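Numbering (my numbering), first residue to last: 42 to 410.
Contents: one structure, followed by commentary.
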Ligand code: NAP
Ligand code: GDD
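Rendered as structure tokens:
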């Protein structure tokens with residue numbers, strides 16, 4: 042049997058790396074798009090490079106010509122469009138770049154497929170997002186909940202959602218959006234809140250960081266495990282008809298709860314005191330030298346101009362139509378696996394890494410959010 046051919050944009054990202062593994066396992070020929078970088082090390086896919094059915098190509102979501110050329114060469118049967126400027130806070134700092142990649146980039150992919158006359162043979166998955174619900178109009182959110190995007194990132198992704206729907210109807214293309222709620226993992230970028238917390242908990246426990254600065258602790262998210270979610274991307278493209286699906290666990294927790302649990306996993310019990318910007322997480326139980334110390338502080342640097350505070354997904358449709366199991370990895374298991382990973386990572390970091398970490402902390406306070 043001939044191998045199916047998948048093209049993944051965003052292959053170096055959290056989801057791209059898990060999806061590559063998943064599709065290779067299924068016997069696909071996997072092609073991924075990479076951008077030229079001055080540091081030529083792709084951490085999340087380094088273990089796949091050199092495998093016979095895994096191929097990387099230079100292209101960019103901002104460069105139509107590169108995309109048209111590549112789609113022509115690869116002749117994919119499935120495209121997974123995961124590439125994006127995916128950080129919500131950064132979209133306030135770089136709104137035009139975000140719009141170019143996250144909105145117009147989707148159009149470029151669709152047109153690359155049409156230009157190569159593949160519109161009837163190539164299925165397209167678009168990485169859509171729960172951020173579309175933004176300033177939420179109902180809880181929990183399902184496929185019929187109205188959108189109310191609340192950041193430049195979400196507004197750009199809204200264009201992506203609608204242009205996918207438009208091409209599906211106008212040109213009868215098999216293109217769909219997965220409206221994915223937050224999904225995390227040991228490969229999550231280090232400035233997203235979950236990973237920032239698990240790394241900080243590990244560093245504080247090992248005496249390599251003093252405290253953790255966070256923004257809105259009351260923010261609520263429906264957090265799942267990224268490895269479970271990439272299966273759904275594939276299932277959406279195997280469904281008999283092109284449809285959009287909400288992918289979520291159906292369980293909601295706050296940033297404070299995530300923090301509390303992550304610290305428990307490194308042997309520290311926190312007591313939260315104060316409110317809003319004055320709230321602190323103080324070590325109530327744990328290593329002697331930490332007792333009574335403030336380990337978590339709120340900083341206005343990590344508040345957003347507009348923040349999405351109540352995401353909670355209803356995965357009923359995905360369960361019923363795709364047979365997907367939203368409860369495969371629980372919130373508790375997710376936090377545990379991330380903390381375990383980061384405890385080992387931090388323990389393996391030498392003196393050079395300590396210098397880098399201090400720089401990272403310094404940057405986080407002023408520049409990198
Ligand atoms: P991620 O780790 O930030 O990865 C983003 C990927 O996009 C990286 O491979 C990045 O390449 C690539 N990229 C960015 N700009 C590009 C450009 N101009 N040209 C080519 N590639 C470019 O994101 P993720 O968490 O895996 O998320 C995957 C997708 O799902 C994104 O579209 C995100 O918006 C969406 N999403 C994520 C979640 C979530 O909770 N993770 C939820 C809903 C939707 P470099 O490595 O070169 O930077
Ligand atoms: N990043 C960050 N850093 N967020 C913080 C912090 C902090 O120090 N403190 C509190 N938060 C709050 C944010 O204000 C937000 O309400 C919540 O924690 C989650 O923030 P992120 O982890 O940065 O994720 P996100 O929800 O904004 O965006 C992620 O999920 C979306 C799906 O809902 C990204 O992966 C997006 O690409 C994705 O579309």
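In this text, a Cβ means the ideal position worked out from N, Cα and C, and glycines have one as well.
None of the values given here were measured: they were computed from a predicted structure.
Note: residue 312 is bridge-paired with 323 in the DSSP secondary-structure output.
Here residue 223 has 262, 264 as same chain residues with Cβ atoms under 6 Å from its own Cβ, once five neighbours each way along the sequence are excluded. The beta carbons of residue 133 and residue 192 sit closer together than 8 Å. For residue 169, there is no enclosing alpha helix (DSSP H); the residue is part of the beta strand (DSSP E) that begins and ends at 164-170. Straight through space, the alpha carbons of residue 370 and residue 269 are spaced by roughly 8 Å. In the structure shown, residue 88 adopts coil according to DSSP, grouped into three states. Counting along the chain, no beta strand (DSSP E) covers residue 304; the unbroken alpha helix (DSSP H) around it starts and ends at 296-306. Between ligand 1 and residue 130, a heavy atom-to-CB distance of less than 7 Å is absent. Secondary structure note for residue 148: it is in no beta strand (DSSP E), and the uninterrupted alpha helix (DSSP H) holding it is 146-156.
Short of 7 Å from the beta carbon of residue 260, and not among the five residues preceding or following it, lie these beta carbons of its own chain, in chain order: 295, 296, 348, 350.
Residue 97 carries a strand assignment under DSSP once its states are collapsed to helix, strand and coil.
Cβ neighbours of residue 98 within its own chain (closer than 8 Å, five residues either side excluded): 72, 73, 74, 75, 111, 114, 115. Under the 8 Å Cβ criterion, the stretch 279-299 counts as touching the stretch 164-181, having at least three qualifying pairs. In terms of Cβ geometry, residue 227 and residue 384 do not form a close pair [threshold 8 Å].
Taking 8 Å as the cut-off, the beta carbon of residue 310 is found no closer than this to the beta carbon of residue 267. For residue 151, the CB stays at least 7 Å from every heavy atom of ligand 1.
Separation of residue 126 and residue 334 (C-alpha to C-alpha, rounded to the nearest whole angstrom) is 37 Å. Closest in alpha carbon position to residue 238, among 377, 390, 45, is 377. In the three-state DSSP reduction, residue 159 falls in the coil class, being neither helix nor strand. Between residue 86 and residue 53, the CB-CB gap stays under 8 Å. Relative to ligand 2, residue 60 has its C-beta separated by 7 Å or more from all heavy atoms.
Just so you know, the alpha carbons of residue 198 and residue 129 end up roughly 11 Å apart. For residue 344, the secondary structure class from DSSP, reduced to helix, strand or coil, is coil. By the neighbour-count criterion, in which 16 or more other beta carbons inside 10 Å mark a residue as buried, residue 236 falls on the buried side.
Not one heavy atom of ligand 2 lies closer than 7 Å to the C-beta of residue 109. In the DSSP annotation of this structure, the continuous segment of the beta strand (DSSP E) that includes residue 338 starts and ends at 335-339.
Not one heavy atom of ligand 2 sits closer than 7 Å to the Cβ of residue 228. In its chain, beyond the 5 residues on either side, 261, 263, 353 have a beta carbon closer than 6 Å to the beta carbon of residue 293. For residue 61, there is no enclosing beta strand (DSSP E); the enclosing alpha helix (DSSP H) has its first and last residue at 55-66. In the DSSP assignment, residue 180 falls outside any beta strand (DSSP E), carrying neither H nor E.
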